[in-house]
Every structure is written in structure tokens, then in C-alpha cells.
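Under the working numbering, think of the first position of the sequence shown as 33, with each following residue one higher.
Just so it is clear, CB atoms sit at the ideal spot from N, CA and C, and this is done for glycine as well.
The structure displayed is predicted, hence computed values, not measured ones.
Beneath this line is the structure, given in C-alpha cells, with notes to follow.
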Amino acid sequence: MSKYQEIHQQSLSNPEEFWGQAAAEIDWMKPWDNVLDYDAKPIPRWFAGAELNTCYNALDRHVENGLGDQDALIYDSPVTDTKMRYTYSELTDAVAKFAGALRANGVEKGDRVLVYMPMIPEAAIAMLACARLGAIHSVVFGGFAANELATRINDAKPKVIVSASCGIEPNRVVEYKPLLDEAIELAEHKVGCTIIKAREQANAPLIEGRDLDWDTAATAAEPTECVAVSATDPLYILYTSGTTGQPKGVIRDNGGHAVAMNWSMKNIYNVEQGDVFWAASDVGWVVGHSYIVYAPLLKGCTTVVYEGKPVGTPDAGAFWRMIEEYNVKVLFTAPTAFRAIKKQDPNADELKKYNIECLQSLFLAGERCDPDTLFWARDTLGIAVVDHWWQTETGWAIAANPLGIEELDIKPGSPSVAMPGYDVQVLASDGTEMPDGEMGDLVVKLPMAPGCLPTLWGNDERFKSAYLTEHEGYYTTGDAGFRDADGYLWIMSRTDDVINVAGHRLSTGAIEEALSGHADVAECAVFGVADDFKGQLPLGLVVLKDGVTRSDDDIIPELVKRVRDQIGPVAAFKIAAVVKRLPKTRSGKILRGSMVKIADGTEWTMPATIDDPAIMDEIEEALKGLGYAKG
């Protein structure tokens, strides 16, 4: 690890020199006064005094440098049977025109624009058009409930909302316009206008005096120039769930973000200008912001917008078809996507229909990747499979295997090592550093790396209380884990997923790892339930692979034995049930917290991000069968 260690150490011992050199790859309209302003509040800020435009760096400069005819964006929609390509010149023109449409409706530097869109090219165009004007976009996942959308409208106070008539799921059309109309009615803040992209799958009658048609507005608009903004000005607001039920508006600045995104493409993912990079996510999530829209375009790569699923559009070979057709070099997706493929096609028979020799590596993030899924992906694809750890708040990887610097040994279950810019430490609750191998709170010593959140939108105090007060001088990630003797990090649970069984702190992630290694298990979730005698007990829900015919009564004792053998009797694991599916967010994260509340009989509300609300009834019935959910 000598090359990686040298670079990581440079980034910590002299961050100004390290990131100043990285910033040379970005075009600046005005140089910075300081690479790092230590006096800024509430935390140090990057490239203070500098000016730039993120859209210019993502589009215009590539056209000026001769890349105008290269594909910038590929759109593939199996749910509508549509395919499109935009060259850098075409995408620049489309963005400049839509920026003109926004300006014609009063949007200027510093104004907010809320984007409520499906996975279509216009979503990326709207985001880049905001960046072009110096406006601040706030993307809300398409199809979010009206009350949740209204909450975000009230917080961001957008001047304009950009939306579409509908989004399309494999088995249904989700009409956005009625949800948007209801949210606007509910919201205290009233927007000036909305711009709606009409799709043939759903009609969306426009309200005169408020709603505009996308195509009409963009066609009539004058293309606009790129507006200079301060490096410390916000590029976007992205809302993440808050423990109070009030979402937290994570801010991403322009300067540090552009530098970090550009740097990460070569050093972490090992991609160069002209390579095809596919993040199979959604622009409503941070992965979509970072690695569908901004990072690939900043680097001069070709990015992919995919309106489909890993299975069901039309089958478990969907990803393989995409990789072959578009010559994808790197795929970035969530572990849940590969669990879905593995569940439906455990022998990877669909893969045999395609040639994916172009694929260099697979990166997984969004939740901890269990070793069984990593082994399956690695054995199936025969390439590097990298689990990496990051958060909405950081915007890019805290820990990864930096393939562009040095390919390190992969330890299944670990996202490898801390990335340059991140001084990750493991602390006890009293702030003392934990020895190697012992679990504690995972924290990042300030200053944060470029691209990480500098605060929350309009709420410095909440930023400080949520992230900076638990361990003074550190950013608290909210994750628990440990560092091993080789410096590898192991992210075992969110800190609230560490359960206390008769005084023993146990990671639900470790128990899930034992369960998911069973030959019949496709995926699982473990969470703690209240117990009068031991404080908490672990409860496991498992989903079996397609085609498994053995009875639950045969499988569950084997699962109990696996946990006993791999973790020990101390885990006291004996409560488990087989379910058809697990409740997840639209981004694939399992909703363990909601299941805990149902099991313990405490009050709970339907999560706004849930993929299918009906599943909670099934979970409640399964928990009642185990003697829980009596409240």
C-alpha cells in the first residue's frame, strides 16, 4: 500500500498543497485567496475567494477543447423503449437553452429551483442549467408524497419548480402532476411558476398563469452564458432524512465539489476522459448528483441515464445488455441491485447472452455490502468488485479501494481504506481512541475533505448539533465500526443499529453477514427488539432465493446455528422468520428502524422514501407470528 499511503499522508499533512494541485484540473474564473480558510464558520471552507462555474467545467470547456462530438450523455429507457445520445455540443446547447427558460421566469444567481423529475435527460439538463445560472437546485426524488414535497418547498423556497407529467415503473405509471399540485397547495411558500416536461404516458393539464410546457419554454428561450459564482456558494441542496422527521438540507458548494468530483474519477474509479461510466442510481439521490451528472462530465467521460431496473425491465440480464451495448468501463450501483439479480438468476444464466469484457470494475455503495453478494459478483464477473463507504453528507467516498492510485487487496465486508482528505478515527463514547479491532464511533477529524457539506441549508445550529457536538473537532458519521491492523475500515452498523444484548455491544451487520452466507438466503435484515431480561435481542427476517423449495422449519434452525457458530452464543440469536420481501427505500436501503418500531409496538409513521407501503402490512404479520408487534 506504499503509493496509497504516501498520497493519503500528503493529503492530511499538507491539505492546501495537495488539493491546490488537484484544483489545477478545474478552470477558474478567479483564483482563490486561500486553498483552505480555517477561520470560516461553522467549519473550514475550501478555495475561499475563488470564482468558477460548475456547468462551464462540466460542458463548455470540453467543447472548446475539441470534445464537442463525443457522447456526453446516453439515455436508455427500457420502460418506454427509448434510446438517445447527446454529444457534448448538443448537451451544452440544450442546457444553455433551458437556462434561458429559467432566466426568462425570473431565476438568477442564488435563487433556488426545485427539480421533481424521473430518470430522463431533462432531469440532468435542469440541474446543469441551474448551475449555469449560479442558481441552487434541489432535486426531490420523483414520486415523493405531496406532504414531503411540500416540506422541501417550504425549506428551500424555490422560485421555480421543474417537473414532468409522470415517472414510469415496470408495472405502473406514477403521475407526478397531481402530487405536485397538491404539494404546491399544501406549501406555505408559493412558487412563481412550474415548468413541466410532458410525457406521452400521462396527460398533465397545465394551470394557466403558473404552469409552462418544457418544450415550448425551452424553444422560445435565448441561450445563456455561464455565470461566475464563488467557490463557497452553494451548487445544490439535497435533503436527507432527519431523526426529528424534519429533513436536513445538505449543501454542496461549487469549488470543493468540482475539485473532489474530478479528482475521484481517475484516482478512485480509474476512468479517463472518453470512458463510459455508468452509475445505476437516480438523480434524486446523492449518487445521481455526484456520479450520473457531475463527476463524469467534469472529467470528460460519457455518462449513462438509465430509466429501468436491474430485474424486470425485462429480465435479470438488463445490466449486462447495457454494459455490452454502451461499452461501459465502470458500473456503480447498490448492493441491493446485485442481490435482486442474484435472487432471480443465481447461476447468472442471463450473463451468457452478452459480452461484457469492456467492464473493468464494479463499485457498490448505499449500504454495507455483505460478503456473500460481493463473492457472487466477483466470481460471476471476474473483475474487481469494490465496496465503498460514503454518505449524502460527504458527496463522495470516505473509504474505498483507489483503483486509479493502487489496487489494494480486497477484504470482503470492508470498504477498504480512508480516501485522501479523510482522517478517519474510531472513538469511544468518551472520545478516547479505540484499539485496532474494537468497535466504536466512526468519525472524521476536521477539516472535512473538499466536496463535503459545509453546513445545512439555513441551519448552522442544526448542522453543529447533528454532526459536530458529539466529538469536538470531529464530524460524526453516525456509523459504528472498527479499523483493523492493516488500516482497513469495517463499517458494521449505523450507531443506532448497534444492539446491546445483556451488556454486549453487537453489530447487526455482523449477524446479517452470517445469515446472508447461507446458500438459500438472497437477503436479510437484523434489528434489535426490546427484551425484559437481556435489554435487546436480535431478530432476523430473511428472503430466500427464487426456486428454494425447502421448508422454513428446516432453514431457520440452520440460520440460528450459523450465527451461533460464527458470532457465538453471546449473540443470543434465535428469533427469525422467512418473508417474501423486505421494506426498502427507493434507493434500496432496508428500513430497519421502522421494523424495530413495529416490533416493539411503538408509534411509527410510514417512511416517505419507502418503495412500496403495502409491504409493511406483510412485515407486521410476520412479526406478530414471532410474538411481536402487539402495540
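Whole angstroms is fine: what's the gap from residue i's alpha carbon to residue j's?
{"i": "Ala131", "j": "Ala155", "result": "13 Å"}
{"i": "Thr183", "j": "Ala609", "result": "37 Å"}
{"i": "Arg596", "j": "Ser548", "result": "14 Å"}
{"i": "Val553", "j": "Leu576", "result": "4 Å"}
{"i": "Tyr326", "j": "Gly398", "result": "18 Å"}
{"i": "Thr275", "j": "Asn491", "result": "Reliability fails at Thr275, whose pLDDT of 48 lies under 50, so the model's placement of it is uncertain and the value that follows must be treated cautiously. Going from the Cα of Thr275 to the Cα of Asn491 covers about 15 Å."}
{"i": "Gly505", "j": "Pro76", "result": "11 Å"}
{"i": "Thr272", "j": "Val145", "result": "17 Å"}
{"i": "Lys375", "j": "Gly620", "result": "15 Å"}
{"i": "Thr508", "j": "Gly174", "result": "30 Å"}
{"i": "Cys333", "j": "Val127", "result": "17 Å"}
{"i": "Thr86", "j": "Cys225", "result": "25 Å"}
{"i": "Ile157", "j": "Val192", "result": "15 Å"}
{"i": "Val580", "j": "Trp408", "result": "17 Å"}
{"i": "Ile300", "j": "Val319", "result": "15 Å"}
{"i": "His169", "j": "Ala292", "result": "19 Å"}
{"i": "Leu244", "j": "Asp347", "result": "37 Å"}
{"i": "Ala498", "j": "Glu425", "result": "11 Å"}
{"i": "Lys115", "j": "Met471", "result": "48 Å"}
{"i": "Phe565", "j": "Ala604", "result": "12 Å"}
{"i": "Ile39", "j": "Asp441", "result": "17 Å"}
{"i": "Leu44", "j": "Phe50", "result": "9 Å"}
Which of the three DSSP states, helix, strand or coil, is assigned to residue i?
{"i": "Gln568", "result": "strand"}
{"i": "Cys556", "result": "strand"}
{"i": "Asp649", "result": "helix"}
{"i": "Asp245", "result": "strand"}
{"i": "Thr634", "result": "coil"}
{"i": "Tyr118", "result": "strand"}
{"i": "Trp60", "result": "coil"}
{"i": "Arg400", "result": "coil"}
{"i": "Trp489", "result": "coil"}
{"i": "Thr412", "result": "helix"}
{"i": "Arg494", "result": "helix"}
{"i": "Tyr271", "result": "strand"}
{"i": "Asn66", "result": "strand"}
{"i": "Trp51", "result": "helix"}
{"i": "Thr226", "result": "strand"}
{"i": "Lys629", "result": "helix"}
{"i": "Asp381", "result": "coil"}
Thinking residue i and residue j are a contact (beta carbons under 8 Å), I'd like their distance in whole angstroms, please.
{"i": "Lys361", "j": "Phe395", "result": "About 11 Å; that fails the 8 Å criterion."}
{"i": "Leu573", "j": "Val611", "result": "5 Å"}
{"i": "Thr540", "j": "Gly560", "result": "7 Å"}
{"i": "Arg618", "j": "Asp643", "result": "5 Å"}
{"i": "Val449", "j": "Tyr36", "result": "7 Å"}
{"i": "Tyr338", "j": "Ala366", "result": "At roughly 13 Å, the Cβ-Cβ gap does not stay under 8 Å, so Tyr338 and Ala366 are not in contact."}
{"i": "Lys189", "j": "Gly166", "result": "In fact, because the Cβ distance is near 17 Å, the residues do not count as touching under 8 Å."}
{"i": "Ala80", "j": "Thr264", "result": "6 Å"}
{"i": "Ile373", "j": "Val343", "result": "6 Å"}
{"i": "Leu84", "j": "Ala104", "result": "Leu84 to Ala104, Cβ: 19 Å. No contact."}
{"i": "Ile269", "j": "Trp246", "result": "Ile269 to Trp246, Cβ: 22 Å. No contact."}
{"i": "Met648", "j": "Pro615", "result": "6 Å"}
{"i": "Val171", "j": "Met159", "result": "7 Å"}
{"i": "Leu330", "j": "Asn294", "result": "5 Å"}
Checking the sheet assignment: what are the DSSP bridge partners for residue i?
{"i": "Thr617", "result": "Ile642"}
{"i": "Tyr507", "result": "Val476"}
{"i": "Cys198", "result": "Glu207"}
{"i": "Gly513", "result": "Gly472 and Ile523"}
{"i": "Pro110", "result": "Pro110 is not bridged to any residue."}
{"i": "Pro266", "result": "Asp285"}
{"i": "Phe395", "result": "Phe364 and Val418"}
{"i": "Thr335", "result": "Leu105 and Phe309"}
{"i": "Tyr148", "result": "Ser195"}
{"i": "His169", "result": "Val145 and Tyr268"}
{"i": "Lys280", "result": "Thr272"}
{"i": "Trp78", "result": "Leu68"}
{"i": "Ala234", "result": "Arg231"}
{"i": "Ile607", "result": "Leu571"}
{"i": "Gln457", "result": "Val475"}
{"i": "Leu84", "result": "Val261"}
Inset, instruction - Specify whether the segment 278-292 and the segment 225-240 touch according to this definition: at least 3 beta carbon pairs, one from each stretch, less than 8 Å apart. - result: Touching, no, given that fewer than three Cβ pairs across the two stretches are closer than 8 Å.
Legend entry - At least 3 beta-carbon pairs within less than 8 Å: the segment 247-258 vs the segment 446-462: With the cut-off at 8 Å, the segment 247-258 and the segment 446-462 do not touch.
Inset, instruction - Could you say if the segment 215-229 and the segment 88-102 meet the contact criterion of at least three C-beta pairs nearer than 8 Å? - result: No contact exists between the segment 215-229 and the segment 88-102.
Legend entry - Three CB pairs or more closer than 8 Å across the segment 378-391 and the segment 418-435: Verdict: no, contact absent.
Inset, instruction - Specify whether the segment 624-642 and the segment 651-660 touch according to this definition: at least 3 beta carbon pairs, one from each stretch, less than 8 Å apart. - result: Short answer: they touch.
Inset, instruction - Check whether the segment 470-488 touches the segment 436-448, counting contact only when three or more Cβ pairs, one atom from each stretch, lie closer than 8 Å. - result: No, they do not touch.
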